[in-house]
Each structure stands twice: as structure tokens, then as C-alpha cells.
Amino acid sequence: MKFCCFNTLAIVPVLWSVLMFLGFVSGYIVAVTLGHLEPFVPYISDLGLNAPESYIFSAVCTLSAILGAITMYGEYKYFKLSNPNGKDLHNKIILGNGLLSCVGILIAGYFQEFEYEYVHLIGAVLAFGQANLYAICHCYYYYKLSLWKDNTRLFLFRVVLASSLTSIFLCLSLLFIGCKIYDHSCMLADWDFPFRQECATMEWLELIGICIFLLTLKKEMQQLGFRVPKSLKEDWIVKTEKCYDDVEAPEDPISG
């Protein structure tokens, strides 16, 4: 029997989620151990201030963006294969939000806060904001295509999680705006502004929530496989049952 593709792509969102969470936590442990940061509670971006944790921070951001783009495209293909005759606009909007979030991760990872404060802030807003928007649009489209009927509990969990993430992001944004209005810096310049720990805590909660949401994407991705096509016109990502349409048929026995 000849297999024509990897059986499932479910490992991609799992690897993305675990890598991003453990990578940032590892950078935090290194920074605190070396005395570069206070144990409670630094911004995630503070991990990019000093070596060696800054190398971990940049590497995690790079790998997260790559795995994120693969996951977002996989989800795009899942929706497209689930609704082959429908309009593709909503699906493309969801994909665009996801890819913008990956771009934001790269910007935040390579434009450090102490050198490029506003560029880094734009990257962080894209990374978190577009991820939240992706989660909301994903839930909406999942509901619109009636895919939620296959797993109602998972769908409701995603809706609650997406709503919670959006609420946290809005609170975080309001605190940042309030800091600017009252002439405080929410960045590195002022470690003693009133809401620093609250902002940092919400940032970590955002990260944990996004990682949990990514883990739930395993359900769709395990229904997809990566196939080596016979021609450029064929799809590289297909439903798993189509991964075996190139199985070699057994030869008929020759009767004597």
C-alpha cells in the first residue's frame, strides 16, 4: 500500500500553541534567574530586552509566525472544502485576519520595545487584536456553515473563550489609552505607573487564552492531510480520506 500524504495536520496547531507558551515561559524563567526582570509581573515583550532571553523571544516569534501561517491556511482550506459551492469572501477575511496576526508577531519580535516603541506597539496590537478578531470570525463562520452541530460543546467553549479574550483586549487597550491621556508611559520608561502589573497580567492572560484557542483547532486540522500532488493544479491540502486515492490496487491472481 502506498500512502500519498501525511495522515493529519493536527500536529501543527498543537505544536504552535505549545511552542509559543513554553517558549515565552522559558524566556521568563531565564530572565528572572539571571536577575534581568522582576518575577511579578513583566510584559511579555520585556523578554526581548537582554540576552540570552532575547534570542529565545525572537526565535519563538519567528517559529510562531511560520506555524501560525500554516495553521491559518489549513483552517481556510477546511472551511473551503466544507463549503465548496459557497462564497469564499468570509473565509478569505478570516484568513487575512490570521495572517495579519502572524505579521504582528514578527514585528513585535524583531522591533524591540526599548528601540522602536511605537513600531513594537503596532506589532503587539496586530498580534493580539487580529488574533481576537480571527477567533470571533472563526466562531461566526463555523456557526454559519452549521459545523457546530458536530460538536456543540467545543463550539460554545470557543464562543466563551473568544468573548473573554476580546473583553481582556479591550480592557488592556483602555488602560493603555488612559496611560497616554494622563501622560504616563505604559512601556519601559516608567516601571511605576499605576496599571503596569494589571496590563502585564492581562497580556499574559491573552497569551494563555490564545494558546488554548489554538489547541481547539486540532479538531479541524486532524481532518486534513498534506498530499504531494501529481500536478500543480491539484490541491496540496485535502480531506484525509482523499489521501489514499492513490493506493495501489492489488493485482488479480492469474488462474492456472
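Residue numbering for the sequence shown follows the working numbering, beginning at 5 and increasing consecutively. Glycine included, C-beta positions come from ideal geometry on N, C-alpha and C.
Legend entry - Through-space distance from N89 to K222, alpha-carbon basis: The straight-line gap separating the alpha-carbon atoms of K222 and N89 is approximately 24 angstroms.
Legend entry - Which listed residue (M225, I172, G229) has its alpha carbon closest to that of M206: I172
Inset, instruction - Give the DSSP bridge partners of K243, in chain order. - result: L228
Inset, instruction - Give the DSSP-derived three-state secondary structure of V107 in the structure shown. - result: For V107, the secondary structure class from DSSP, reduced to helix, strand or coil, is helix.
Inset, instruction - Please classify M201: is it buried, with 16 or more other beta-carbons within 10 angstroms of its beta-carbon, or exposed? - result: Checking the sequence shown, residue 201 turns out to be Gln, not Met. Around the beta carbon of Q201, a 10 Å sphere encloses fewer than 16 other beta carbons of the protein chains shown; the residue is thus reported as exposed.
Inset, instruction - Could you check which residue in S167, V107, E121 has the C-alpha nearest to that of A69? - result: That would be V107, whose Cα lies nearest to the Cα of A69.
Inset, instruction - Compare the beta carbon distance of V4 and C183 with 8 angstroms and say whether it is the shorter of the two. - result: Outside the displayed range of the chain (5 to 260) lies residue 4, so it cannot be described from this structure.
Inset, instruction - Report the three-state DSSP secondary structure of D154 (helix, strand or coil). - result: helix
Legend entry - At least three beta-carbon pairs within less than 8 angstroms, the stretch 52-62 to the stretch 97-114: yes
Legend entry - Best match in I214, F83, F118 for proximity to S105 [C-alpha to C-alpha]: In terms of Cα proximity to S105, the closest of I214, F83, F118 is I214.
Legend entry - Residue nearest to F199 in terms of C-alpha spacing, selected from I212, S177, E224, I126: S177
Legend entry - Cα-Cα separation, L137 to L103: 12 angstroms
Inset, instruction - Alpha carbon to alpha carbon, how far is V34 from P56? Give it in angstroms, no decimals. - result: 8 angstroms
Legend entry - Rounded straight-line distance, which links the Cα of Y32 to that of G39: Spanning the two alpha carbons is a distance of roughly 11 angstroms.
Inset, instruction - State yes or no: is the beta carbon of I212 nearer than 8 angstroms to at least one beta carbon in chain D? - result: The question asks about chain D, but that chain is absent: this structure has only one protein chain.
Inset, instruction - Compute every distance between the C-beta of E57 and the non-hydrogen atoms of the ligand COA, then say whether any falls below 7 angstroms. - result: The ligand COA is absent from the structure shown, which contains no ligand whatsoever.
Inset, instruction - Examine the Cβ distances between the stretch 121-135 and the stretch 146-161 and report whether three or more of them are shorter than 8 angstroms. - result: Judged by Cβ distances under 8 angstroms, the stretch 121-135 makes no contact with the stretch 146-161, as fewer than three pairs qualify.
Legend entry - Span separating the alpha-carbon of C141 from that of M76: 12 angstroms
Inset, instruction - Just mark E224 as buried or exposed, buried being the case when its beta carbon has 16 or more other beta carbons within 10 Å. - result: buried
Legend entry - Residue environment, A193, which counts as buried when at least 16 other CB atoms sit within 10 Å: At A193 the pLDDT is 46, less than 50, meaning the model places this residue with poor confidence and gives no usable figure here.
Inset, instruction - Look up T12 in the DSSP assignment and say whether it is helix, strand or coil. - result: coil
Inset, instruction - Give the DSSP-derived three-state secondary structure of G90 in the structure shown. - result: coil
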